[in-house]
Every structure is written in C-alpha cells, then in structure tokens.
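Heads up, the sequence shown is in this note's numbering, so the first residue is 1 and it goes up one at a time.
Down below is the structure, laid out as structure tokens.
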Amino acid sequence: MASRWSLAWRDRPPEEAALLNPAFCGELIARATKDYERIRAAAFPLPLSFVILPLVLHPPTLAALPGRANTTFATWSADNEALLADLPERTLRLRPISREALLFLAQHRALTVGAEGLRTGDKPMRLTAKAAVMTSDVDDIRRAAGLLGRWFANQGAPVQILQTMGVTP
C-alpha cells in the first residue's frame, strides 16, 4: 500500500494538494532563508528548515507567533509550551513535504543546499510577486515564514532553537 505522500498530486485530496504543494511550501522555506541570510549574513541551517512548515501551517501556532522578530524566543516558547508539545510530531509528519519542497527549490536553483546550510540560489523565487487571488490566511502564512527566518537569525545555535521548541535535532 502506498503512503499518502507517495500518491501523485492529482490523486491527493484537493485541499492537501493546494496547501502542501512543493511550490508553496518551498516559497515558505525560501522566505525564511532569505530573511535569515539578510539578518545574519550566513546560510540558513538545514535542520531549521524542517520546522518552518509545522509552525506556519498549524493555525493555532500561526496565530500565536509574535508580530515582531525581537520577541524573546525562550519566553515565547515557555508561554506557548502547550502548542509546542506536538511540534516534534508535526515536524515528523511534515518531513516528507519539507523534503519535497527543498528538492523543488534545489531543482529550480532557487536555493542551494550545502554543508553550511541553505542559501538563496542563482534563480531565487520572486517573493514580492502577488498572486491574482490571495487570501489573508495565505498572506499571514507568508509573513510568518519570513518572521521565523528573522527570529531564528537573532537566536543562538540551531540546536538550541530546536531544543527550546522540544524538537530533537
């Protein structure tokens, strides 16, 4: 029996295919990478790319994310411990989607994956382009992905960020 992630896109439930397609999920990872690189002038750590989707695509967590990247990360994590309790499981469940998004970005040269992490590629996604039809929910998700990139750039080592959120690197 095939896993749900190995199904062709046309065979997946429409809502799932729309929200979890590699282009959209890749855009979210690319936004986090771009803002991280801009703040820290370093590659975005690959392990952190796997928590972007579980954080921004989970409506309660998305709603709880701060509006600014200068919010104290440890305090926010402690205040949202209940939301973060299932983050490790969400990260594992979305790992195939994150991988697929990373492959999409690498194949289109929007990102490069190296030993140091992710960097904007020589054909970056046009992150300022607006779709003809967009919802406020999608805008919020896109904005949150960039926020995570900036927020993570202002924190310590990736292992500390992951451990603070209860995710084992």
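Note that CB positions come from ideal geometry on N, CA and C, so glycine has one too.
If you're wondering where the values come from, they're calculated on a predicted model, not measured in any experiment.
Query: I need the boundaries of the alpha helix (DSSP H) containing Thr75, first residue and last residue.; Result: 73-79
Query: Among all the DSSP beta bridges, which residues are the ones paired with Phe44?; Result: Leu118
Query: Any idea if Gly67 is buried or exposed, counting beta-carbon neighbours within 10 angstroms, 16 or more meaning buried?; Result: exposed
Query: Of all the options Leu53, Leu92, Glu100, Ala69, which has the alpha carbon lying nearest to the alpha carbon of Ala8?; Result: Glu100
Query: Label Arg109 either buried or exposed according to how many other C-beta atoms from any shown protein chain fall within 10 Å of its C-beta, with 16 as the threshold for buried.; Result: exposed
Query: Let me check one thing: in DSSP terms, what residues is Leu111 bridge-paired to?; Result: Thr120
Query: Going by other Cβ atoms of all chains shown within 10 Å of its Cβ, with 16 needed for buried, is Val138 buried or exposed?; Result: exposed
Query: With burial defined as no fewer than 16 other Cβ atoms inside 10 Å of the residue's Cβ, what is the status of Lys34: buried or exposed?; Result: buried
Query: Mapping DSSP to helix, strand and coil, what is Leu170?; Result: With the chain represented from 1 up to 169, any question about residue 170 goes unanswered, as that position is not in the structure.
Query: If you check the beta carbons only, do Arg150 and Ala69 fall under 9 Å apart?; Result: yes
Query: Would you report the Cα separation of Gly117 and Thr72, rounded to the nearest angstrom?; Result: 24 Å
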